[in-house]
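2 protein chains.
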Amino acid sequence: MDNSNIVDLRIKKLRELMSENDISFYIIPTSDPHGSEYIDNAYKTREYMSGFTGSAGTLIVSKNEAALFVDGRYHIQADLETKETCISVYKLGIDGVPSVKEYLNNQTVPEDRIGFDGRLMMEDVFESINGTVDATFDCELNLVRDIYENIPKSREEKIIILDDEITGESCESKIEKVRIFIKEKDADGLFLSSLDDICYVFNIRGSDIAYNTVAYSYAYITRESATLYLKRNAYDESTTKSFDLSSVNIANYEEIEEELYKIKGKKILLDKEYTSCLFYKALSVGNEVISIKNYDVIKKYIKNEIEQKHARNYAIADAVALIEYIVSLKSSIHEGFEVDEYFAKEYLTSFRANMKGFYCLSFDTICGYKENGAIVHYSVNKDSAKELENNGLLLVDSGAHYMGATTDVTRTIPLGELSDEERAAYTVVLKGNLKLMDAIFLKGTRCENLDILARESLWKIGLDYRHGTGHGIGSFLNVHEGPIRIGYKIREDMPQPELTPGMILSDEPGYYAAGKFGIRHETQLLCVKKYETEYGEFYGFEPLTLVPFEKDAICFELLTAEEFDILKRYSDLIREKVMPYLSEDGKKWLDYNTNFID
Amino acid sequence: MDNSNIVDLRIKKLRELMSENDISFYIIPTSDPHGSEYIDNAYKTREYMSGFTGSAGTLIVSKNEAALFVDGRYHIQADLETKETCISVYKLGIDGVPSVKEYLNNQTVPEDRIGFDGRLMMEDVFESINGTVDATFDCELNLVRDIYENIPKSREEKIIILDDEITGESCESKIEKVRIFIKEKDADGLFLSSLDDICYVFNIRGSDIAYNTVAYSYAYITRESATLYLKRNAYDESTTKSFDLSSVNIANYEEIEEELYKIKGKKILLDKEYTSCLFYKALSVGNEVISIKNYDVIKKYIKNEIEQKHARNYAIADAVALIEYIVSLKSSIHEGFEVDEYFAKEYLTSFRANMKGFYCLSFDTICGYKENGAIVHYSVNKDSAKELENNGLLLVDSGAHYMGATTDVTRTIPLGELSDEERAAYTVVLKGNLKLMDAIFLKGTRCENLDILARESLWKIGLDYRHGTGHGIGSFLNVHEGPIRIGYKIREDMPQPELTPGMILSDEPGYYAAGKFGIRHETQLLCVKKYETEYGEFYGFEPLTLVPFEKDAICFELLTAEEFDILKRYSDLIREKVMPYLSEDGKKWLDYNTNFID
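The listed protein sequences correspond, in order, to chains Y and R. For the first sequence, numbering that gives the first Met the number 0 begins at 0 and goes up steadily by one. For the second sequence, numbering that gives the first Met the number 0 begins at 0 and goes up steadily by one.
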């Protein structure tokens, strides 16, 4: 049975269950109980039901339609993966395409019953739907469980506890800051479900979700106590003892729901974006729940000096790995070895894994050759991997966790001769990457103010990329770290903090010529103070990523003198920092690509 | 008695009255009963009491202090004008300087009584103070009346009624749109106090406030009726008859308060930014008041085709006037005539007044030579006017109302030899003006996204200007027209609409070297659709202002090739549009300044 028939069959089964339960619409979001962005296999029900493998999207099944809502990153991929199934793809961001909320509002009547699994629906999403849609909700209905027979078990590995030399701040100090916030808000406690916030505060790391260094956990911090809920296999006696020293109690993850129902008469802070609507309900009974944003209390997005030091150091290691990889991959292809996207992707991991301090990849490497590069979040499949040739562009978006830092870098590698269109596109995207990298701005500037620097060169010729220009990056934590996001849309629901020294973010404009090639240049940046004048403090960026752009792919005549100057300064920095650690071949390649004298 | 003693005496008198009325803080905002930006002399109480002549600012008098709060435009001027008085200047926008709200919150105790004249305090300002400050308010206390003996009378001139050929849309059609909005909001009526909104909807113009083409008025539009309240001298029988045709009732302005108290049991829409807290109170009794933004219902900031046509045509007239003026002024100075700032300012008006369709100036011309150019909103005084010489920079910010369009343009005129610093600064500001003028952006972009294009060249060398980059401009209406404002601060209280074809706004970066010179380049722009691709609709600007920048003031080596290209295209446009209408001398000057072949 082919994939399309399997999906249609599953939808059919779901419709039967919906009918039995008197449900007219069933929502399957992409989520786990913690509102995580990356979802462990144990929670990939949306993928199972729709066949669409992307990392984000919402499936809404009704009698008449199985509607899959995907954002700009997945417009092409969702079409491809749901081809010949009953799934209709709704491409969010395109004029006239309704949002999930609007869709439900248009399609439902007050008599309808809408069902979903409330453990996997975060409170903020639920409230936004509930606020617009006039229907009844059943939020304790896990219908997929009866269709998805062999749901994978989630991993429950033992956590690691990090030294202050890695984190730069003790768990006690971080908890103290949380308590100051609790007191300021005149509250009793803060309930945390967001895994990266918990790992940050308690200085622990895990590997329960692929590519994320987090452990399944909850935490409840009050003015007097702090309890960390971990999976049973994630800790042992030594963990408990170690946390005793910081006055942190360890408790069982499985008991959290029960524990929540025991809390009464308290004023509790929580972030609705990361709290499931079921848990929100549990806490609402007998307590006053106050909605906050976790990033307002846990400011992990502003890196301390130690975190910045690790970011700088591991950026060199990461660059060495990526440069040696590029050199070696190119020479393999030129020597006639059979190399496909899948091999190219796996091969890169081996270079990073050799680096001291390597922990694991920070996300599944995207390795798209030619037209596959135009699929923004392309996931290569062993069987369908494209053979690499002596020409065209290979887009490689990759990164790793090191013991103290996380990397995320995209370079688009010319494997040989390029078309004029490819070189022009490579250069136009490069202009944006360089301009953003070189931005100087006054204190008070926000990400939305800078976005146009990265997009302008594309907009001027009627092009664009349908994704953000950048995102925050954790320190040995999630590769997408909120709330930072560079984009031009000013979203009242996601207010950006002012750009502040210590923030680490990506600078990743792109251009995707569907069916032909894709280009993305992603450079990790650290926000730093540049100077102070009578007008105030001026900030800018220090590039962390130290991998050069490739000379043969650049149309120098399209660069302005200013852009060429930024490129030269960036290239000089790379030579200075990375050259000493490279092999002879690596040195030769770096020299060629950073030397603009000839 | 010198000015400083007069001010101190007035403050002393106010303190006596405060003491008699048991008032510990008295607030004097800069406002009239309509929340107008430009204030008629009849309402200039803040100026009278503080000696500060700027167009915005708040004075708060207590026993210990007379605190004047001014924004970035007036930091220098307020210092100068209040020198040697008891006034303390609070420079808003500088780190650590409290806002009016914060100041009152810090300085007052719950026992304090804060007084002000509620006719001149808009409801939104009052609510924001009332929401943070724990004290008692007396909002019916006009203490200045007893100090300000000869308060000027306000003008009450007869209104003019505009043809549809000037406005592009009939009064009936505009009222119909208001009614659709009222129905959408499920309300009974809309109360309007903002003068430009009223003039726009009813297609009338007046001259009650200097430089503004508005008439003192109120309006109340319901589902069935529309009443326009005008000053008794502003209309006659023919006005009433003419409005009869549009089913609009004319009533007496003076009766409005009484009328408001008669409205009961209604659901009334109003904009708190333009409704005095006394009127708000009046309407709140027995009605449901719903807060809206007038610009959400009266979209005058998007100009129709006719308004755009007038804007283009009158821009040519305005450019001819300004160019001929520049040529003539320069030649007068070169020929040795004694010319000072005051003459220079008045002289310009005579050129504009000659133009067909001229109505009046759109604001008091700013004409600042050398160090006076650094005072952002410099107002020249006949006695202290600076003599113009054969060197240095003269900043001229001016504009006019024509029968269908309003202009606002700043050019900084080199009167002869310039220092290297002046030329460099002229050029750095020019870069920003050109980059913003040439911006291309996707539908969905807002003003805050574009601001950096104008500021970047300054920020890169640690400089800035402490004012917005641009503002909306009316069509034969207020020269500052909300809600459009180009700035980098993203203000939740003033959300910018998406940039939309038909918007007219200014592009006016500057640089002010205190004590030396000031530079501002202001070009009026019309937002237009540029092209549409698979990525969506792309917008950009058509420059309306057609006055060239002066070649002798530009350091061409500081312009990038891209910027030079924008300058050339802009100059070519000016030649094409304006050359035919110029005198021989004008032609020669324009040719020189727009010809870059040599």
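Even for Gly, the Cβ is constructed at its ideal location relative to N, Cα and C.
Length of the line joining the Cα atoms of residue i and residue j
| i | j | result |
| --- | --- | --- |
| Met0 of chain R | Gly467 of chain R | Residue placement at Met0 of chain R cannot be trusted, given a pLDDT of 49 that sits under 50; the coordinates are not used to answer. |
| Gly114 of chain R | Met17 of chain R | 8 Å |
| Ser349 of chain R | Ala343 of chain R | 10 Å |
| Val296 of chain Y | Leu277 of chain R | 41 Å |
| Leu58 of chain Y | Tyr228 of chain R | 56 Å |
| Glu480 of chain R | Ser216 of chain R | 18 Å |
| Glu164 of chain Y | Ile483 of chain Y | 25 Å |
| Phe548 of chain Y | Arg410 of chain Y | 7 Å |
| Gln307 of chain R | Pro542 of chain R | 12 Å |
| Ser224 of chain R | Lys302 of chain R | 26 Å |
| Leu566 of chain R | Ala513 of chain Y | 36 Å |
| Gly415 of chain R | Glu345 of chain R | 21 Å |
| Tyr47 of chain R | Asn477 of chain R | 24 Å |
| Arg14 of chain Y | Ile332 of chain Y | 50 Å |
| Val96 of chain R | Glu562 of chain Y | 38 Å |
| Thr364 of chain R | His400 of chain R | 13 Å |
| Gly5 of chain R | Lys488 of chain R | This sequence places Ile at residue 5 of chain R; Gly is not what is there. Roughly 38 Å between the two C-alpha positions. |
| Ile279 of chain Y | Thr444 of chain Y | Inspection of the sequence shows that residue 279 of chain Y is occupied by Tyr rather than by Ile. Each residue's Cα considered, the two are about 35 Å apart. |
For residue j and residue i, believed in contact at Cβ under 8 Å, the rounded distance
| i | j | result |
| --- | --- | --- |
| Thr238 of chain R | Ile158 of chain R | 7 Å |
| Ile451 of chain R | Ile451 of chain Y | 7 Å |
| Thr544 of chain R | Val338 of chain R | Contact doesn't hold; Cβ gap of about 24 Å is too wide. |
| Phe242 of chain Y | Ala218 of chain Y | Going by Cβ atoms, the distance from Phe242 of chain Y to Ala218 of chain Y rounds to 11 Å, so no, they are not a contact pair. |
| Pro28 of chain R | Val124 of chain R | 7 Å |
| Ala424 of chain Y | Tyr530 of chain Y | No, Ala424 of chain Y and Tyr530 of chain Y are not in contact; Cβ-Cβ is about 35 Å, not under 8 Å. |
| Phe190 of chain Y | Ile128 of chain Y | Contact flag wrong, Cβ pair sits at about 22 Å. |
Endpoints, the beta strand (DSSP E) within which residue i is located
| i | result |
| --- | --- |
| Thr522 of chain Y | 522-532 |
| Thr239 of chain R | Per DSSP, Thr239 of chain R belongs to no beta strand (DSSP E); it is in the alpha helix (DSSP H), 236-243. |
| Gly517 of chain Y | 516-519 |
| Leu189 of chain Y | 188-191 |
| Cys366 of chain Y | 365-368 |
| Val69 of chain Y | 65-69 |
| Gly509 of chain R | 509-512 |
| Ser505 of chain R | 503-506 |
Paired residues, beta bridge with residue i - DSSP
| i | result |
| --- | --- |
| Phe115 of chain R | Per DSSP, none; premise fails for Phe115 of chain R. |
| Phe537 of chain R | R:Leu441, R:Tyr530 |
| Tyr401 of chain R | R:Phe357, R:Ala404 |
| His470 of chain R | R:Arg484 |
| Lys567 of chain Y | Lys567 of chain Y is not bridged to any residue. |
| Arg410 of chain R | R:Val395 |
| Ser290 of chain Y | Y:Leu269 |
| Ser61 of chain R | R:Phe24 |
| Ser275 of chain Y | Y:Met121 |
First through last residue of the alpha helix (DSSP H) which encompasses residue i
| i | result |
| --- | --- |
| Ser216 of chain R | It is not in any alpha helix (DSSP H) - Ser216 of chain R instead sits in the beta strand (DSSP E) that spans 216-221. |
| Asn141 of chain Y | Per DSSP, Asn141 of chain Y belongs to no alpha helix (DSSP H) and is neither H nor E. |
| Val177 of chain Y | 170-183 |
| Ile26 of chain R | No alpha helix (DSSP H) contains Ile26 of chain R, which is instead part of the beta strand (DSSP E) from 24-27. |
| Lys598 of chain R | One cannot answer for residue 598 of chain R here, as it falls past the ends of chain R, which runs 0 to 597. |
| Val200 of chain R | 194-201 |
| Ala373 of chain Y | Here Ala373 of chain Y belongs to no alpha helix (DSSP H), and DSSP marks it neither H nor E. |
| Gly639 of chain R | It is not possible to answer for residue 639 of chain R, since the shown part of chain R is limited to 0 through 597. |
Near the ligand ZN: residue i beta-carbon under 8 Å from a heavy atom
| i | result |
| --- | --- |
| Gly71 of chain Y | The model on display carries no ligand, and the ligand ZN is accordingly not part of it. |
| field | At least 3 beta-carbon pairs within less than 8 Å: the region 208-226 of chain R vs the region 354-368 of chain R | value | yes
| request: Pair every Cβ in the region 425-434 of chain Y with every Cβ in the region 487-505 of chain Y, then say whether three or more of these pairs are closer than 8 Å. | output: no
| task | For the region 143-161 of chain R and the region 31-50 of chain R, state whether three or more C-beta atom pairs, one from each stretch, are separated by less than 8 Å. | result | Contact between the region 143-161 of chain R and the region 31-50 of chain R is present, because at least three Cβ pairs lie under 8 Å.
| Does the region 139-150 of chain Y come within contact of the region 106-124 of chain Y, defined as at least 3 CB pairs closer than 8 Å? | Touching, yes, given that three or more Cβ pairs across the two stretches are closer than 8 Å.
| request: Take every Cβ of the region 435-449 of chain Y, pair it with every Cβ of the region 487-499 of chain Y, and state whether three or more of those distances are shorter than 8 Å. | output: yes
| query | Three or more beta-carbon pairs under 8 Å between the region 365-381 of chain Y and the region 177-186 of chain Y, yes or no? | reply | no
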